[in-house]
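What follows is a short report on a single structure.
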Amino acid sequence: NYAASLVAGEKAKEKGYAAVLYLDPKEKKYLDECGPANFFGIRGNSYITPQSHSILPSITNKSLQQLAADMGLTVERRPVPFDEAAECGTAAVIAPISQIDDLDIDKSYVIAKDGKPGPVCEKLYNKLRGIQYGDEPDTYGWVTIIE
């Protein structure tokens, strides 16, 4: 997926954008994936991520889904609208999405007004990083210590 995103990513950078968000390939109206990462949204008490056959499954997204469920959130895999939106992947874990611009209809959607993740995203980030660094117990068997 990364190779196919290079042209769109270059065009986005030329226009001053940090990343590209891709729409679903069938209807082209739902957020499907970020250029370098998977996409998820938080709406109320739900962790929402696309149910898509066109994107690679993400270990980070699967881990965040498990943590969200353990925190009492409902985990939904379905077409994704956006209120509190973020991307997730190995390098960044979670990165907030400040604004989404639809250049075809010249419309902007402001997500994170201050450029910071929302409270649920911040809690998920801290929990996953705590497990990765050994500061939180790994009750899932995700960490393997190699000596």
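Per my numbering: the sequence shown = residues 2 to 148. For every residue, glycine included, the Cβ atom is placed at its ideal position computed from N, Cα and C. Just so it is clear, the structure is predicted and the values come from calculations on it, not from any experiment.
Under 8 Å between C-beta atoms of residue i and residue j
i      : j      : result
Ser47  : Thr75  : yes
Pro97  : Pro118 : yes
Tyr23  : Glu34  : yes
Gly153 : Val81  : With the chain covering 2 to 148 only, the question about residue 153 has no answer from this structure.
Arg78  : Pro51  : yes
Trp143 : Ser64  : yes
Leu68  : Leu7   : no
Ala87  : Ser99  : no
Met72  : Lys124 : yes
Rounded distance between the beta-carbons of residue j and residue i, thought under 8 Å
i      : j      : result
Gly90  : Asn39  : 6 Å
Thr61  : Val21  : Not quite, the Cβ-Cβ distance comes to about 19 Å (not below 8 Å), so this is no contact.
Ser109 : Asp102 : 5 Å
Extent of the continuous beta strand (DSSP E) to which residue i belongs
i      : result
Leu32  : Leu32 to Cys35
Tyr126 : Unbroken run through Tyr126 is the alpha helix (DSSP H), Pro120 to Tyr134; no beta strand (DSSP E).
Ala96  : Val94 to Pro97
Ile101 : Gln100 to Asp103
Tyr141 : Segment: none, Tyr141 is in no beta strand (DSSP E) and carries neither H nor E.
Val111 : Lys108 to Val111
Span of the alpha helix (DSSP H), counted from its first residue to its last, around residue i
i     : result
Lys12 : Leu7 to Glu15
Simplified DSSP assignment, three categories, for residue i
i     : result
Ala20 : coil
Ala38 : strand
Ala87 : strand
| field | Residue ranges of each beta strand (DSSP E) within the region 44–76, 3 or longer | value | 47–50
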